[in-house]
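**Q**
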Amino acid sequence: MQLKNKKLQSDQPKSSVRSALAVATCAVLSGSLSSACASDEEEVSDLSKIGLSTFYYTEEERVSVNTTHVAIENDLGDDTFLRANVIYDTITGASPNGRIIPSATGGSSIPFTSASGFSVNINDNGSAGKRWLTEFTDKRAAIDLSVEKPITRNLRGVIEGNFSSENDFTSYGAAGTIAWDLHQRNTTITSGLGILKETVSPASGTPLELGVSNCNETVTVLPDWVNCNVTTPRFGNGQKRLFDGMVGVTRVLNQRTVTQLNYSLGVSLGYLTDPYKLISVIDNTIEGEEIAILYEKRPDRRTKHSLYWKTVSQLTDKKVVDFSYRYFWDDWGITSHTFDYKYRYDFKPKSYLQPHVRLNLQSSADFFQRAIDSSVESLPRYASADYRLGKLTTYSIGLKYGKELGVNGSFAVRAEYIVQSYSGVDLPDMNALVYQGTFTFKFD
Amino acid sequence: MKENQPISLERQNDLWVGRFSAMASPCELLMDTPDEALAYQLLSIAEHEAKRIEQKFSRYRDDNIIFKINNALGQPVQVDAETALLLDYADQCYQLSDGHFDITSGVLRGVWRFDGGNCIPSTAEVDSILPRVGWSQVEWKSPSLRMNSAMEIDFGGIGKEYAVDRAALLIRPHLQSGVLINFGGDLCAIGPRLDGRAWEIAIEDPECRDKKQLGMVSLKSGAVATSGDARRYLIKDGVRYGHILDPVTGWPIPDAPRSVTTVASTCMEAGMLSTFAILKGGAAKSFLEQEGVEFLCL
Amino acid sequence: MKALLHYSLLFSFLALSGCSTFKPGGIFAHEDVKPWQKAVLAEERMQLNPYPLENSADQKVFYSRESANGGQGIGGGGCGCN
Numbered sequence: 002m003q004l005k006n007k008k009l010q011s012d013q014p015k016s017s018v019r020s021a022l023a024v025a026t027c028a029v030l031s032g033s034l035s036s037a038c039a040s041d042e043e044e045v046s047d048l049s050k051i052g053l054s055t056f057y058y059t060e061e062e063r064v065s066v067n068t069t070h071v072a073i074e075n076d077l078g079d080d081t082f083l084r085a086n087v088i089y090d091t092i093t094g095a096s097p098n099g100r101i102i103p104s105a106t107g108g109s110s111i112p113f114t115s116a117s118g119f120s121v122n123i124n125d126n127g128s129a130g131k132r133w134l135t136e137f138t139d140k141r142a143a144i145d146l147s148v149e150k151p152i153t154r155n156l157r158g159v160i161e162g163n164f165s166s167e168n169d170f171t172s173y174g175a176a177g178t179i180a181w182d183l184h185q186r187n188t189t190i191t192s193g194l195g196i197l198k199e200t201v202s203p204a205s206g207t208p209l210e211l212g213v214s215n216c217n218e219t220v221t222v223l224p225d226w227v228n229c230n231v232t233t234p235r236f237g238n239g240q241k242r243l244f245d246g247m248v249g250v251t252r253v254l255n256q257r258t259v260t261q262l263n264y265s266l267g268v269s270l271g272y273l274t275d276p277y278k279l280i281s282v283i284d285n286t287i288e289g290e291e292i293a294i295l296y297e298k299r300p301d302r303r304t305k306h307s308l309y310w311k312t313v314s315q316l317t318d319k320k321v322v323d324f325s326y327r328y329f330w331d332d333w334g335i336t337s338h339t340f341d342y343k344y345r346y347d348f349k350p351k352s353y354l355q356p357h358v359r360l361n362l363q364s365s366a367d368f369f370q371r372a373i374d375s376s377v378e379s380l381p382r383y384a385s386a387d388y389r390l391g392k393l394t395t396y397s398i399g400l401k402y403g404k405e406l407g408v409n410g411s412f413a414v415r416a417e418y419i420v421q422s423y424s425g426v427d428l429p430d431m432n433a434l435v436y437q438g439t440f441t442f443k444f445d
Numbered sequence: 005m006k007e008n009q010p011i012s013l014e015r016q017n018d019l020w021v022g023r024f025s026a027m028a029s030p031c032e033l034l035m036d037t038p039d040e041a042l043a044y045q046l047l048s049i050a051e052h053e054a055k056r057i058e059q060k061f062s063r064y065r066d067d068n069i070i071f072k073i074n075n076a077l078g079q080p081v082q083v084d085a086e087t088a089l090l091l092d093y094a095d096q097c098y099q100l101s102d103g104h105f106d107i108t109s110g111v112l113r114g115v116w117r118f119d120g121g122n123c124i125p126s127t128a129e130v131d132s133i134l135p136r137v138g139w140s141q142v143e144w145k146s147p148s149l150r151m152n153s154a155m156e157i158d159f160g161g162i163g164k165e166y167a168v169d170r171a172a173l174l175i176r177p178h179l180q181s182g183v184l185i186n187f188g189g190d191l192c193a194i195g196p197r198l199d200g201r202a203w204e205i206a207i208e209d210p211e212c213r214d215k216k217q218l219g220m221v222s223l224k225s226g227a228v229a230t231s232g233d234a235r236r237y238l239i240k241d242g243v244r245y246g247h248i249l250d251p252v253t254g255w256p257i258p259d260a261p262r263s264v265t266t267v268a269s270t271c272m273e274a275g276m277l278s279t280f281a282i283l284k285g286g287a288a289k290s291f292l293e294q295e296g297v298e299f300l301c302l
Numbered sequence: 007m008k009a010l011l012h013y014s015l016l017f018s019f020l021a022l023s024g025c026s027t028f029k030p031g032g033i034f035a036h037e038d039v040k041p042w043q044k045a046v047l048a049e050e051r052m053q054l055n056p057y058p059l060e061n062s063a064d065q066k067v068f069y070s071r072e073s074a075n076g077g078q079g080i081g082g083g084g085c086g087c088n
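Going down the list, the sequences are from chains A, B and C.
At position 230 of the first sequence (counting the first as 1) the number is 231 in our numbering, and the numbers step up by one without a gap.
At position 28 of the second sequence (counting the first as 1) the number is 32 in our numbering, and the numbers step up by one without a gap.
At position 61 of the third sequence (counting the first as 1) the number is 67 in our numbering, and the numbers step up by one without a gap.
#1: Identify the residues that DSSP records as bridge partners of Pro-97(A): which are they?
#2: Do Lys-305(A) and Asp-341(A) count as a contact pair if the criterion is CB distance below 7 Å?
#3: Roughly how many angstroms separate the alpha carbons of Lys-215(B) and Leu-156(A), rounded to a whole number?
#4: Which same chain residues, not among the five before or five after Glu-298(B), have their C-beta less than 6 Å away from its C-beta?
#5: Ends of the beta strand (DSSP E) at Thr-178(A)?
#6: For the alpha helix (DSSP H) containing Cys-85(C), name the first residue and the last one.
#7: Along chain B, in chain order, which residues have C-beta atoms closer than 9 Å to that of Val-67(C)?
#8: Kindly say whether Asp-199(B), judged by its beta-carbon, lies nearer than 7 Å to any beta-carbon of chain A.
#9: Need the endpoints of the beta strand (DSSP E) that Asn-255(A) sits in, please.
#10: Tell me whether Lys-40(C) sits in a helix, a strand or coil according to DSSP, three-state version.
#11: Is Thr-286(A) near Glu-210(A), with beta carbons less than 7 Å apart?
#12: Give me the chain B residues within the contact set of Ala-180(A), using Cβ-Cβ distance strictly less than 7 Å, ordered along the chain.
#13: With a threshold of 7 Å between beta carbons, is Ile-398(A) in contact with chain C?
#14: Kindly confirm or deny that the region 221-229 of chain A and the region 259-276 of chain A touch, where touching means at least three C-beta pairs closer than 8 Å.
#15: Looking at the structure shown, is Leu-59(C) part of a helix, part of a strand, or coil, going by DSSP?
#16: So which of Trp-144(B), Leu-90(B) and Ser-278(B) has the shortest CA-CA distance to Val-81(B)?
#17: I need the DSSP call for Tyr-277(A), collapsed to helix, strand or coil.
#18: Compute the Euclidean distance between the alpha carbons of Thr-395(A) and Asn-215(A), then round it to the nearest angstrom.
#19: For chain B, find out if any of its Cβ atoms is closer than 7 Å to the Cβ of Val-66(A); answer yes or no.
#20: What does a CB cutoff of less than 7 Å around Ala-21(A) pick up in its chain, not counting 5 residues either side in sequence?
#21: In this structure, how does DSSP classify Tyr-353(A) when only helix, strand and coil are distinguished?
#22: Round the Cβ separation of Val-29(A) and Leu-184(B) to the nearest angstrom and send it over; I've been treating them as touching at under 8 Å.
#23: Are at least three pairs of beta-carbons, each pair with one atom in the region 424-440 of chain A and one in the region 126-133 of chain B, less than 8 Å apart?
#24: Would Ser-73(C) pass as a contact of Ile-335(A) if the rule is Cβ separation under 7 Å?
#25: Given Val-87(A), which residues of its chain have a CB within under 7 Å of its CB, disregarding the five upstream and five downstream residues?
#26: In its own chain, which residues sit with a C-beta less than 7 Å from the C-beta of Asn-6(A), not counting the 5 before and 5 after it?
#27: Would Asp-23(A) count as contacting chain B if we go by Cβ distances under 7 Å?
#28: Can you check DSSP and say which residues form a bridge with Ala-433(A)?
#29: Tell me where the beta strand (DSSP E) around Cys-31(B) begins and ends.
#30: With a threshold of 7 Å between beta-carbons, can Ala-3(C) be considered close to chain B, or not?
#31: Going by DSSP, what residue range makes up the beta strand (DSSP E) through Ser-325(A)?
#32: Where DSSP assigns a beta bridge to Ser-65(A), which residues make up the other side?
#33: Taking the C-alpha atoms as reference points, what is the distance between Gly-246(B) and Ala-229(B)?
#34: Along chain A, in chain order, which residues have C-beta atoms closer than 7 Å to that of Val-297(B)?
#35: Please classify Ser-17(A) as buried or exposed, where buried requires at least 16 other C-beta atoms within 10 Å of its C-beta.
#36: Name, please, each residue of chain C whose Cβ falls closer than 8 Å to the Cβ of Glu-288(A).
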């Protein structure tokens, strides 16, 4: 959500003394050939904005996403704004599903359709030759609407409603934020609350967590907690409720620098498992071969915290730096440090270049494990092999070029290169490229 | 008299800022243009006009029309076109304010000295001066003005705002946008900044500070003026006497707000509205609200 | 160990951008800013979220590839990002 700087309130009809005075003043000044008299009410800045973006994201051998985003901001006067965002994504490709990647030893890359017997199951639709990836295509539409209004002279509020829908997922929610200005607007305290309801609805329902997805039929010895003879039951849609709260302080440090520190708390309840993610059961007595595939299971609640600190500072007329650090921790054992740094350099005519680097270091969730060892006595309480819950490092480096078009328009293009590498996990690095073009335009 | 600040022009924060002293105030001109020569030209125009108006209408000089009028010893004086327009304006303001705005009220200065001290005049002293105040006693029919020899006129309540509007007028043919004129707190914006941004103006006001509020005006064109007695007042027996005197009673306006800042299309209009507001005393706020005026610090 | 290397690299990067000190003139130098001194801070490139279209796209990318998210504010919807 965005909150703007405050301006004056007015907007009432002119009355008798004032009109008479305006006429009188006009007479004095037009006696001197003034054109000032002709002008109407003094103008206060009130342009509306529209932003358009086209975005393309592609991972090497994995997922590609194409997104179109339209953002509109309508200035309704009196410091009231109406904002809307409409976003449409198409996603295709294949994502790691959590299964282990077969090693190349012994030349036995187990082909998917071979007689080694992995039966085709409605859920097991891995790409040819790459069973640790699951293909999918999806289309997503999302919309959010928000209204920002002043409450008192130094208090502003924003209310927002959002909705998004994909083939197998819908979410809707609402949020509200207030901002309180102090110290001649050098300090702003912001506070917000949000709720979100998400529903995941896979084609054939959500599977029993840690239930069997598939078994390697060539294997005779299976742990007793793997029952290959019974079809794993499937249930209805998975529902999740999220509650978020945030408190932040923004402070103007000097004429060129502003800094912000936010603390956020989020609680998620409900079906937090990913119904498409799997976890392999491996037998270390036969070189870690996959003997069964189970559905993952995550706890039904998660509490997240983050501390986010951002500073924007103008070093010179042409140079602006924007850097932030976020420390994240939750009750799943995940902690993360994220550093982001942008350096904007302006040059004539009204253009700029902005290199960008980002680094994210994440530790793994307590229940993250690459695979379940068949020799354990019983199933773990929770288990997930989703690489996103594992220990990983994401590096990004990018460059953006922007230019103003006249007084009311601007465009920008950027490209970023992202590399994500995983620790202690056999998954190869993910390489991705981002291309984005944006165009913004202000109008009355 | 204030020591004259030499005229200066410097580049600050992407703007040309010109400064000079006139009408006992620090004056500045902010210009959003890359052209230094143009900036200097506009600065000269503004400075010359401000000095011209000061020279012509200052009551401290002995070589202008004001001196002539104030020392006419009861004889009629013929005034030029510009002075006539201002006198017409003063006359209209007198009517619109029901006699509370009066350019002949300057003589009350003789008994009221606003120096922060505690010397207030006695009723008798004020009563002795009061007969010398009253625009209704002045015979004004353009272009001839005649008044009693004991009376004086003073354009102090109009002069600075008029200078701002005049400077704007003369600058406009050269640059239609990106200029902000500031004569000691009376402002006029000729168009927004070059990239369309409005001028962000803050009103430094003891009234605002006391209330821990801040007035911010975002101006693309138009004017801002402040009336008030921040620095000129008297305190006696715990009562604060502001320097805006009511010409009808000879005493300060009771319950007058300490200062009022208003926004209007021209500086003269903004200035007069803020003056009218203060003259309303406790009813200042409702007056401004009723008139639909954008105001601050009340 | 690797993490330590990452941290030091990033911090030195920041330091190299110059003047990240508390001395007058530095990024974090503290001064009482009057409202008429806020022309620079009002510029679009000085806002806390100056490029919302890019920011929104990045948030989605990182939401679907990492477990840590948010921190900047409240709002925006969910996504089933796979």
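Just so it is clear, CB atoms sit at the ideal spot from N, CA and C, and this is done for glycine as well.
**A** Taking the structure as given:
#1: As a first step, residue 97(A) is located in the first sequence; it is residue number 96 there, counting from the start. Looking at the DSSP output, Pro-97(A) shares a beta bridge with Leu-134(A).
#2: Taking the first sequence and counting its residues from 1, the one referred to as residue 341(A) is at position 340. Taking the first sequence and counting its residues from 1, the one referred to as residue 305(A) is at position 304. Contact: no.
#3: As a position in the second sequence, residue 215(B) is number 211, starting the count at 1. As a position in the first sequence, residue 156(A) is number 155, starting the count at 1. Below a pLDDT of 50, predicted positions are generally treated as unreliable, and Lys-215(B), at 47, falls in that range; no measurement from the model is reported.
#4: As a working note, residue 298(B) is residue 294 in the second sequence. Closer than 6 Å at the Cβ level, and outside the excluded window around Glu-298(B), lie Val-267.
#5: As a position in the first sequence, residue 178(A) is number 177, starting the count at 1. Annotation for Thr-178(A): the continuous beta strand (DSSP E) segment containing it runs 170-183.
#6: Sequence index remark: in the third sequence, residue 85(C) carries index 79 (1-based). For Cys-85(C), no alpha helix (DSSP H) encloses it, and the DSSP letter there is neither H nor E.
#7: Numbered from its first residue, the third sequence carries residue 67(C) at position 61. Correct list: empty, because the minimum Cβ distance to chain B is about 32 Å.
#8: Counting from 1 along the second sequence, the entry for residue 199(B) is found at position 195. It does: the Cβ of Asp-199(B) has a partner Cβ on chain A nearer than 7 Å.
#9: Taking the first sequence and counting its residues from 1, one reaches residue 255(A) at position 254. Where Asn-255(A) is concerned, the enclosing beta strand (DSSP E) stretches over 239-255.
#10: Translated into the one-based positions of the third sequence, residue 40(C) becomes position 34. DSSP places Lys-40(C) in coil when its eight states are reduced to three.
#11: Working through the first sequence from its first residue, we reach residue 286(A) at position 285. Working through the first sequence from its first residue, we reach residue 210(A) at position 209. The answer is no: Cβ separation not under 7 Å.
#12: Here residue 180(A) refers to the residue found at position 179 of the first sequence. For Ala-180(A), there are no neighbours in chain B by C-beta distance under 7 Å, as the nearest C-beta there is about 15 Å away.
#13: Position 397 of the first sequence, counted from the start, is the residue given in the question as residue 398(A). Any Cβ of chain C closer than 7 Å to the Cβ of Ile-398(A) would place that residue at the interface, and such an atom is absent.
#14: No, because fewer than three Cβ pairs between the region 221-229 of chain A and the region 259-276 of chain A fall closer than 8 Å, the two stretches do not touch.
#15: Working through the third sequence from its first residue, we reach residue 59(C) at position 53. Residue state, collapsed to three classes: helix.
#16: Position 77 of the second sequence holds residue 81(B). The option with the nearest alpha carbon to Val-81(B) is Trp-144(B).
#17: On the first sequence, position 276 is the one that residue 277(A) refers to. It is coil, neither helix nor strand.
#18: On the first sequence, residue 395(A) is found 394 positions in, with the first residue counted as 1. On the first sequence, residue 215(A) is found 214 positions in, with the first residue counted as 1. So the alpha carbons of these two residues sit roughly 32 Å apart.
#19: For the purposes of this step, residue 66(A) is taken as residue 65 along the first sequence, with counting starting at 1. Proximity of Val-66(A) to chain B, defined by a Cβ-Cβ separation below 7 Å, is not satisfied.
#20: As a first step, residue 21(A) is located in the first sequence; it is residue number 20 there, counting from the start. Taken in chain order, the list of residues that qualify is empty.
#21: Position 352 of the first sequence, counted from the first residue, corresponds to residue 353(A). Three-state DSSP puts Tyr-353(A) in a strand.
#22: Residue numbering aside, residue 29(A) sits at position 28 when the first sequence is read from its first letter. Residue numbering aside, residue 184(B) sits at position 180 when the second sequence is read from its first letter. The pair is not a contact, with the Cβ atoms about 22 Å apart (cut-off 8 Å).
#23: The region 424-440 of chain A is not in contact with the region 126-133 of chain B.
#24: Walking along the third sequence from the start, residue 73(C) turns up at place 67. Walking along the first sequence from the start, residue 335(A) turns up at place 334. Yes; because the gap between Cβ atoms is below 7 Å, this pair is in contact.
#25: Here the question's residue 87(A) lines up with position 86 in the first sequence. Contacts found: Val-71 and Ile-144.
#26: Your numbering for residue 6(A) matches position 5 in the first sequence. Caution is warranted here: a pLDDT of 39 is assigned to Asn-6(A), below 50, making its placement in the model unreliable, and the coordinate value is therefore given only provisionally. Excluding positions up to five away in sequence, the list is empty.
#27: Translated into the one-based positions of the first sequence, residue 23(A) becomes position 22. According to the sequence provided, residue 23(A) is Ala. The question's Asp does not apply to it. Chain B contact via Cβ: present.
#28: Residue numbering aside, residue 433(A) sits at position 432 when the first sequence is read from its first letter. Ala-433(A) is bridged to Glu-60(A) and Ile-419(A).
#29: Against the second sequence, residue 31(B) aligns to sequence position 27. Unbroken beta strand (DSSP E) run through Cys-31(B): 29-35.
#30: Residue 3(C) lies beyond the range of chain C shown here (7 to 88); nothing can be said about it.
#31: Indexing the first sequence from 1 puts residue 325(A) at position 324. Annotation: the continuous beta strand (DSSP E) that includes Ser-325(A) extends over 320-331.
#32: Counting from one through the first sequence, the residue named residue 65(A) turns up at place 64. Checking the DSSP bridge columns, you'll see Ser-65(A) partnered with Thr-59(A) and Thr-93(A).
#33: Position 242 of the second sequence, counting from 1, holds the residue named residue 246(B). Position 225 of the second sequence, counting from 1, holds the residue named residue 229(B). Rounded to the nearest whole angstrom, the C-alpha separation of Gly-246(B) and Ala-229(B) is 18 Å.
#34: Within the second sequence, residue 297(B) is the residue found at index 293, counting from 1. Chain A residues near Val-297(B): Arg-19.
#35: Residue mapping note: residue 17(A) aligns to position 16 of the first sequence, counting from 1. Answer is exposed; the Cβ neighbour count stays below 16.
#36: Numbered from 1 along the first sequence, position 287 holds the residue referred to as residue 288(A). Under the 8 Å cutoff, chain C gives no residues; its nearest Cβ is about 29 Å from Glu-288(A).
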